[in-house]
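In the numbering used here, the protein residues as written are 730 to 1348.
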């Protein structure tokens, strides 16, 4: 073989190698980043080729066929991902192999049925049909050089995306070590909260409560609307869409939760932000800032009540969520500080949410976050247009805590609302529920699931569930109702049922909310054996936990703010969880600004006053 023929064959091999590279690159992205084994990747390549052939004949344009074929292939891939692949992301690789191997046979039969078994070809576009003459008898097609160039450009683009861009860096980092990526400031949890909420919204679309709510809102709204409803392919007026979308996010009680605030903040804040941002054509950055502001506000306001709202029968997600949504909307509307203040005063008169649904399984809880979102947008918009709200919505004589908590208002700690604000972010303490039920039940459900691995089915005489005293009313009373839930809501708010389900099945999932599950005789028999006891030692146990952690920690042994020495007569305890250095500095600064209020100032005796002393000292 002479040098010229060798060069031609070398070019051919490079070209085919580049084509195989593009095929392999897609496979590498799927397996390397997503961890999904896709043996049917080559079949996708085949279907794309046959689709391009069909479209080129139908459209009469090679270029248009490629563009349309690419779009249709993406749509086809998305459909398969939604219908099949997403269910296998967290399953064993063997399951993925079996799925994709089966798809090979399906695609092969589809190809045979649709396009037959003959070989098909597409005419080379006229602009690329020429050849480069190498000798009198040898030439090289321009088309092959063009395709090689396209492959090189795509390869370079892929390399630059993955290796040189911020997005690529996040993708690579998240694929190799999610925890470390989060610690470096990539807020994967926040992104997951938003995506999770939207995903649950889609999951709720076919439940009765969703269909009936949409029918009612559509009747109220009449025709039209400019804000999309999640998963339904139709629009509603903005406030109606907020109510509907929040119901979808919160409907299965499978949303996020903030343990200290006892609130599902995303369920109200996200739909409100999405709707108003859509109306205002706000940027993604503006949307995220508004979302974070709303969640941070709602969780802090809830934490200040120390669980008191549940004790007196209010649902914090509807009640407190209103204020978070108000500030989110105020930010998106660009309100000045004074108008934001007034908007919160307006919110006080429209915030609501009763826990009475616990008595009969009513659907009203699902409406609370959406009502909070609609009320928040209304309050902010009224304030924008000059409507005047009360000046002390939180700490006033009839403010939020006094009017809604009664005697429990004395136990509130309003300092938690602003503690380390701007330094400590409560949004980072928002967690996604692993169980579709009230988070007060999760500990018992998890414990029962673990015990199920040891239980051999032998007879059980008695089951005791020890729970914090503050949650007894919500998930343990009345006991007979909790032992025999009559509907999905009672099942979601029942310690006895969650324990029985965990023991019987080793898990508590969406299937536990079906009538076939909460009416099952064996499960009800176990549920009848569950006794709920208030655990008076819960707070003591937490203190003991802190002290155990203290033994593993280097800290000052001298009297300081950290061990409570600033309070006369207070026992010295380890308190590193109470705010950190920034919080300590903030307390010192505020104390100095207030003239050391609470401290007694006295004149030092001259005999002990050091040289150059100012003559006064703090005691």
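Ideal placement from N, C-alpha and C gives every residue a C-beta, glycine not left out.
DSSP state of residue i mapped onto helix, strand, coil
i	result
residue 1123	coil
residue 1109	helix
residue 830	helix
residue 1188	coil
residue 1075	helix
residue 853	coil
residue 972	helix
residue 1025	helix
residue 1349	Past the edges of the chain, shown from 730 to 1348, lies residue 1349, and the structure says nothing about it.
residue 1177	helix
residue 1114	coil
residue 958	coil
residue 1130	helix
residue 1216	coil
residue 1092	coil
residue 780	helix
residue 1319	helix
residue 981	coil
residue 1328	coil
residue 789	coil
residue 845	coil
residue 1015	helix
residue 824	helix
residue 769	coil
Cβ pair residue i, residue j closer than 7 angstroms
i	j	result
residue 1054	residue 1131	no
residue 1058	residue 1027	no
residue 1032	residue 1145	yes
residue 768	residue 864	no
residue 1260	residue 1193	yes
residue 1229	residue 1256	yes
residue 1226	residue 1214	yes
residue 1044	residue 1084	yes
residue 976	residue 1099	yes
residue 1022	residue 961	no
residue 798	residue 787	no
residue 776	residue 836	yes
residue 1095	residue 979	yes
residue 791	residue 854	yes
residue 1046	residue 1106	no
residue 861	residue 772	no
residue 1189	residue 1258	yes
residue 1238	residue 1181	no
residue 884	residue 871	no
residue 1103	residue 1196	no
First and last residue of the uninterrupted alpha helix (DSSP H) at residue i
i	result
residue 1364	Because residue 1364 is not part of the residues shown, which for the chain are 730 to 1348, the question remains open.
residue 1083	Here residue 1083 belongs to no alpha helix (DSSP H), and DSSP marks it neither H nor E.
residue 1204	1201 to 1204
residue 1169	Element bounds for residue 1169: n/a, residue is neither H nor E.
residue 894	Unbroken run through residue 894: none, as it is neither H nor E.
residue 1141	From DSSP, residue 1141 is part of no alpha helix (DSSP H); its letter is neither H nor E.
residue 1153	Where residue 1153 is concerned, there is no enclosing alpha helix (DSSP H), given that its DSSP letter is neither H nor E.
residue 1053	1050 to 1062
residue 1244	1244 to 1247
Start-to-end residues for the beta strand (DSSP E) that takes in residue i
i	result
residue 860	860 to 862
residue 1259	1259 to 1264
Which residues DSSP lists as bridging residue i, in chain order
i	result
residue 987	992
residue 1237	Beta-bridge pairing links residue 1237 to no other residue.
residue 1196	1263
residue 868	862
residue 1160	986
residue 964	957
Any non-hydrogen atom of the ligand ADP within 6 angstroms of residue i CB
i	result
residue 1163	In the structure on display, the ligand ADP does not appear, and there are no ligands present to speak of.
Beta carbon proximity, residue i to chain B, threshold 7 angstroms
i	result
residue 888	Absent from the structure: chain B. Only one protein chain is present.
(message) Would you call the region 963 to 972 in contact with the region 991 to 1011, where contact means no fewer than 3 C-beta pairs closer than 8 angstroms?
(response) With the cut-off at 8 angstroms, the region 963 to 972 and the region 991 to 1011 touch.
(message) Between the region 1034 to 1049 and the region 1129 to 1147, can you find at least three pairs of beta-carbon atoms closer than 8 angstroms?
(response) Short answer: they touch.
(request) Determine contact between the region 1014 to 1028 and the region 1145 to 1163, defined as no fewer than three beta-carbon pairs at a distance below 8 angstroms. (result) The region 1014 to 1028 is in contact with the region 1145 to 1163.
(message) Using 8 angstroms as the cut-off, can you tell me whether the region 1045 to 1052 makes contact with the region 1014 to 1021, which would need three or more C-beta pairs spanning the two stretches below that distance?
(response) Contact between the region 1045 to 1052 and the region 1014 to 1021 is not established, with fewer than three Cβ pairs separated by less than 8 angstroms.
(request) Mind the definition here: the region 730 to 745 touches the region 871 to 883 only if three or more C-beta pairs lie below 8 angstroms; say whether that holds. (result) A contact exists between the region 730 to 745 and the region 871 to 883.
(request) Assess, as a yes-or-no matter, whether the region 1113 to 1123 is touched by the region 1059 to 1079 under the definition of 3 or more beta carbon pairs within less than 8 angstroms. (result) With a cut-off of 8 angstroms, the region 1113 to 1123 and the region 1059 to 1079 count as touching, because enough Cβ pairs lie within range.
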